[in-house]
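This report refers to the structure that appears directly beneath it.
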Amino acid sequence: MDFTFSDEQEMLRDTARRFLDDKAGSEVVRRLMESDSGFDEEHWSEIAAQGWQAMTIPEEYGGVGFSFMEQAILMEEMGRSVFPSPYLSSVVLGAELVLEAGSEEQKRSILPAVAAGEVRLAVAQLEPNGRWDASGIEMAATRDGEELVLDGTKSFVIDGHTAHTLIVVARTGMGSSGPDGISLIVVPGDADGVASRRIETMDQTRKMAEVTFTGTRIPATSVLGADVLGADGWLALDRTLTRAVVALAFEQVGGAQQCLDMSVEYAKVRVQFGRPIGSFQAVKHKCADMLVEIEAAKSAAYYAGWAVSVDDADLGVAAALAKSYCSEAYSHAAGESIQIHGGIGFTWEHDAHLFFKRSKADELLFGTPASHRAKLADILGL
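Residue numbers for the sequence shown follow my numbering, beginning at 89 and rising by one.
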């Protein structure tokens, strides 16, 4: 087990950081927050030219075939700048789900356009019940001849209002409430009966939508990889979500590190009672505690990233550990950053609130820390 990044990976990190520093400063983030789409099409094309969307897609499907760790490095750097982008929805979730569950024909049909940045995907899983487990999937897709008819609502679909293609998680096997009978259905975002509405959330740097399906008819062949409807749909989704959880942990450590860096820099220049506030013991201790937590969070995320890369048998444990710990470390760092900045940290004008909101949203995304600790308990047989 080696957590040392290669020279090529460090070059990727440096290149990504320079791009984000140049293109995604806080003034740009704030502008995109107020837009309906939530991202810049030009940015999307520029990162496509650098191969970001193609990073983990194999060469035979139009990608560059790098490992998960290269994608994770990008997520860490994007977390550092709170970069508004459909990268998580389209690449980390959508493309990986097609790779995991799609047939050879579907991979060759969908992935090259995703790798080129020409098509954006979104995974429509969560429903109004708010459950991330298989029992939370209640939406039905009923068979009618050679078609499937979709009826229901998906909530908090990341970038669902701007996606060209949706991968809808629905029940094609009736009479089941668990993982059996769940299919992954490819649906054009502009199909008849599909209505997307952007919803207001705490973190406006990552847009979400409510997507409603009303009698939406899709060819039965649109089911990802399944010769029999519902075959292993949940298993493929669960494996994809496990990797997405680890990618999100990298984003969290990137954001937490930026909170610490901002706090330390401010503590050096903010003067109270004739001396920098960083010289006061209380502020020193806050920064030191943040450093300890963030370094531990990095260890958890990097271990989980390694486990994904080698498909380690303990990936489930590593992913749950990383999500639970990194979520709380990021939230704590974001909160402490506001405290260290004092009055200015509580204002909308300061960037601290961008990281605080992202940290709280990330804490809930793909399940709370408590839910992932429950997974750990189940894995350990407790």
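For each residue, glycine too, the CB sits at the ideal point set by N, CA and C. It should be emphasised that the depicted structure is a prediction, and the values quoted were computed from it without experimental measurement.
Fully enclosed alpha helix (DSSP H) runs of no fewer than 4 residues occupy 95-111, 114-121, 129-137 of the region 94-138, in order along the chain. The residue among G224, G433, Q213, T293 with its C-alpha nearest the C-alpha of V274 is Q213. Cβ atoms of D128 and L120 come within 8 Å of each other, at about 6 Å.
Per DSSP, A283 is one residue of the beta strand (DSSP E) stretching across 282-287. Inter-residue distance for V334 and V357 is about 35 Å (C-alpha atoms, whole angstroms).
Beta-carbon to beta-carbon, L162 and A183 are separated by about 13 Å, too far to satisfy the 8 Å threshold. By the Cβ neighbour-count rule, S94 is exposed, with fewer than 16 other Cβ atoms within 10 Å of its own. For T309, the secondary structure class from DSSP, reduced to helix, strand or coil, is helix. A distance of 8 Å or more separates the beta carbons of F454 and S425. For G248, the number of other beta carbons within 10 angstroms of its own is at least 16, and it is reported as buried.
L272 sits close to A324, with the two beta carbons spaced by under 8 Å. Following the DSSP letters along the chain, one finds L187 in no beta strand (DSSP E) but inside the alpha helix (DSSP H) bounded by residues 184-189. Between G343 and G167, the gap from beta carbon to beta carbon is short of 8 Å. Annotation: L254 to A210 spans about 5 Å, alpha carbon to alpha carbon. A228 has D239, R259 as its beta-bridge partners, per DSSP. H373 counts as exposed, since fewer than 16 other beta carbons sit within 10 angstroms of its beta carbon. The beta-carbon distance between G321 and A189, rounded to whole angstroms, is 7 Å. This is short enough to meet the 8 Å contact definition. The straight-line gap separating the alpha-carbon atoms of V207 and K295 is approximately 17 Å.
By alpha-carbon distance to I246, the top candidate from R286, V398, L236 is R286. The residues A308, in chain order, have a CB closer than 6 Å to that of E234 in the same chain once the five nearest residues on each side in sequence are set aside. In the DSSP assignment, L452 falls within the alpha helix (DSSP H) that extends over 440-452.
Rounded to the nearest angstrom, the gap between the Cα atoms of S459 and P364 is 41 Å.
Contact annotation, E381 with S419: C-beta distance approximately 10 Å; criterion of less than 8 Å not satisfied.
Shown here, A212 sits in a strand according to DSSP, grouped into three states. Close CB contacts of A136 within its chain, under the 7 Å cut and outside five residues either way in sequence, are with A204, G205 (chain order). Inclusion of D402 and A395 in the CB contact set at 8 Å is warranted, their separation being smaller than that value.
In the structure shown, R196 falls within a helical segment according to DSSP collapsed to helix, strand and coil. Under the three-state reduction of DSSP output, P276 falls in the strand class. Inclusion of T304 and A279 in the CB contact set at 8 Å is warranted, their separation being smaller than that value.
Here the alpha carbons of S178 and G150 stand approximately 15 Å from one another. Within the same chain, Cβ atoms closer than 7 Å to the Cβ of G393 are found at F156, M157, A160, V334, F338, the five residues on either side in sequence being excluded. Residues T241, S243 of the same chain have their beta carbon placed closer than 7 Å to that of P216, with the five preceding and five following residues left out of the count. The C-alpha of D400 is placed about 29 Å away from the C-alpha of V311. When the beta-carbon positions are compared, D232 and F301 stay at least 8 Å from each other.
Around the beta carbon of I306, a 10 Å sphere encloses 16 or more other beta carbons of the protein chains shown; the residue is thus reported as buried.
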